[in-house]
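Numbering (the numbering used here), first residue to last: 375 to 690. A virtual CB, placed ideally from N, CA and C, is assigned to each residue, including glycine.
This is the structure we're talking about:
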């Protein structure tokens, strides 16, 4: 009987002491919870991965000393991304190479399209008018080859200026040398250029001294419409037609020059504008997104739980 009584008394004592210890633990936990709410746990800042790994397990131990440490190495506690600023230098370089590329890099697609369209228009203008100039040049050169003759010109010099050029000379280069010698003797302003060169086609349709070489300069063999007395003012129909066509070709080439000039200006303006666009982009909009694991305490179990939260902030 005594042994049974002692066992019952010991059991009651153990239960009583356990109750006291449990009550003390509850009181201590509530006190520490109040301290944490005023300080550590209520902090509303985004934790870095390193600081979270160091501090979160300690907070768990404060509230629940028996709680095991959690392993945070397998995932990121915080993810924060800010839209990166763009390089102004890179934008300038891109637009200097291809107008509109810097604006596209700076995400101003309207300006990018405008500058690129101007570039296409500029080079399109160049190739279009340069092609027309080439076609017109082929036309007037063919006309000259059919209607202006160096032997006729040599005969005209002989007949009207009493020169002694062998106009039937088979060697055309030797014939040209004799013509040049006569032109210098007569003090003409120009001498006959190399056959079929650019200067050759220009001079025969520009200067009066070469009027005698056109087919309509004579009405019959040796009957000259262009004479020594009127060659400085007289224009044959072939000469006038040829001069008009040659001028059209020159006009087309002048129009073609507008293309490269416009392209150069477009490159410069686009590079300058790219600097402005990217500078504005960097200053105008900043988008910040974030993800964090936020510590919350259960009011029932007094345990810390990890709750994922997201945020988005836009600053103008």
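- In summary, residue 630 is buried, with 16 or more beta-carbon neighbours lying within 10 Å of its beta-carbon over all protein chains present.
- The region 570-587 makes contact with the region 606-620; the number of CB pairs closer than 8 Å reaches 3 or more.
- Secondary structure at residue 597: strand, using DSSP grouped into helix, strand and coil.
- With fewer than 16 other Cβ atoms inside 10 Å of its own Cβ, residue 491 counts as exposed.
- Selection 627, 671, 656 and 640 evaluated against residue 501 yields 627 as nearest (Cα-Cα).
- Taking every protein chain shown into account, the CB of residue 557 has 16 or more other CB atoms within 10 angstroms, so this residue is buried.
- Comparing alpha-carbon positions, the option among 473, 493, 466 and 511 lying closest to residue 618 turns out to be 511.
- DSSP, reduced to helix, strand and coil, places residue 592 within a strand of the structure shown.
- With a beta-carbon spacing of about 6 Å, residue 485 and residue 647 fall inside the 8 Å limit used to define contacts.
- Beyond the five residues adjoining it in sequence on each side, residue 527 comes within less than 6 Å, by CB distance, of 586 and 587 in the same chain, given in chain order.
- DSSP links residue 522 through a beta bridge to 588.
- Fewer than three pairs of CB atoms, one per stretch, sit closer than 8 Å, so the region 635-654 makes no contact with the region 610-625.
- DSSP places residue 640 inside the alpha helix (DSSP H), whose first and last residues are 611-658.
- With distances taken between CA atoms, residue 600 lies nearest to 530 out of 530, 642 and 632.
- The beta carbon of residue 506 sits closer than 7 Å to the beta carbons of 626 from its chain, once the five residues preceding and following it are set aside; these are given in chain order.
- Cβ-Cβ distances below 8 Å link residue 574 to 566, 567 and 568 in the same chain, with the five nearest sequence neighbours on each side left out; the list follows chain order.
- In the three-state reduction of the DSSP assignment, residue 492 falls in the helix class.
- Spanning the alpha carbons of residue 489 and residue 508 requires a straight line of approximately 29 Å.
- Between the alpha carbons of residue 471 and residue 551 lies a distance of about 51 Å.
- Residue 602 and residue 560 have their C-alpha atoms spaced approximately 12 Å apart.
- Secondary structure note for residue 579: it is in no alpha helix (DSSP H), with a DSSP letter that is neither H nor E.
- Under a 10 Å Cβ-count criterion, residue 655 is classified as buried, with 16 or more other Cβ atoms of the shown protein chains found around its own Cβ.
- Going by C-alpha positions, residue 467 is about 7 Å away from residue 645.
- For the set 638, 658, 593 and 514, the Cα lying nearest the Cα of residue 494 is the one of 638.
- Rounded to the nearest whole angstrom, the CA to CA distance from residue 563 to residue 548 is 21 Å.
- Apart from sequence neighbours up to five positions away, the residues of its chain that approach residue 542 with a beta-carbon distance below 8 Å are 525, ordered along the chain.
- By the Cβ neighbour-count rule, residue 642 is exposed, with fewer than 16 other Cβ atoms within 10 Å of its own.
- When DSSP states are grouped into helix, strand and coil, residue 568 belongs to the coil group.
- Within the same chain, and ignoring the five residues on either side of residue 465 in sequence, the residues whose Cβ sits closer than 6 Å to its Cβ are 476, 479, 480, 648 and 652.
- The alpha-carbon separation between residue 513 and residue 520 amounts to approximately 11 Å.
- Boundaries cannot be given for residue 605, as no alpha helix (DSSP H) includes it and DSSP labels it neither H nor E.
- Sorting 615, 635 and 591 by C-alpha distance to the C-alpha of residue 516 places 615 at the top.
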